[in-house]
C-alpha cells in the first residue's frame, strides 16, 4: 500500500511503466505490468542487477517451453515477477533509464554544491 504521507517524484517513465522516488520513505516505487512495488534503495539496485543478468539469447535459443519465461522474486517485496522476453527487455529499459536519471541527478547536485552561489565569473 502507498503511504498517504508519501512524497513521490517521477524518476523515469516509459510506455511500459515508471519509477518513482519517495523522499519521505527513502525508497523507490516501480510501476510495471499493472502493479506497483516498493523497494529500499539497495534492493532496487540489486533487482536491477538481476534483470541485467538475465540471458536473453539463452531464452531465445532454448526450445523448451520453460525457457520462454523467467521468474524473479525481489528481496523484501511480496511481488513475484513472471517475465517473458518482451517483459525483460521493457523492464531493462525502464530500470536502465531510472538508474541513469538517478546518477545524473547525483552529478548535478554535486556540481551545484561545488560551485558557491555568486562566485561564478561571466
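Residue numbers (my numbering): 740 to 861.
Idealized CB from N, CA, C, for every residue including glycine.
For clarity, every value in this text was computed on a predicted model and none was experimentally measured.
Using CA atoms only, rank isn't needed, just tell me which of the options is closest to residue i.
| i | options | result |
| --- | --- | --- |
| residue 758 | 808, 770, 831 | 770 |
| residue 748 | 811, 851, 844 | 844 |
| residue 788 | 840, 846, 831 | 831 |
| residue 756 | 807, 826, 842 | 826 |
| residue 806 | 841, 784, 793, 817 | 793 |
| residue 775 | 852, 841, 818, 842 | 818 |
| residue 773 | 780, 783, 821, 782 | 821 |
| residue 781 | 808, 799, 813, 800 | 813 |
To the nearest angstrom, how far is the alpha carbon of residue i from that of residue j?
| i | j | result |
| --- | --- | --- |
| residue 790 | residue 849 | 29 Å |
| residue 815 | residue 846 | 29 Å |
| residue 854 | residue 768 | 32 Å |
| residue 829 | residue 803 | 23 Å |
| residue 823 | residue 796 | 12 Å |
| residue 778 | residue 801 | 32 Å |
| residue 841 | residue 784 | 11 Å |
| residue 799 | residue 852 | 47 Å |
| residue 740 | residue 811 | Confidence is the limiting factor: at residue 740 the pLDDT is only 46, short of 50, which leaves the residue's position unreliable and the question unanswerable from this model. |
| residue 762 | residue 809 | 32 Å |
Flag residue i as yes when its Cβ comes closer than 7 Å to any non-hydrogen atom of the ligand MG, and as no otherwise.
| i | result |
| --- | --- |
| residue 844 | Questions concerning the ligand MG fall outside what the structure shown contains, since it holds no ligand whatsoever. |
Report the partner residues of residue i according to the DSSP bridge assignment.
| i | result |
| --- | --- |
| residue 760 | 748, 767 |
In chain order, each alpha helix (DSSP H) run of at least 4 residues that lies wholly inside the stretch 773 to 859: 780 to 792, 795 to 800, 824 to 853
Would you be able to state if there are at least three C-beta pairs under 8 Å between the stretch 835 to 852 and the stretch 749 to 757? yes
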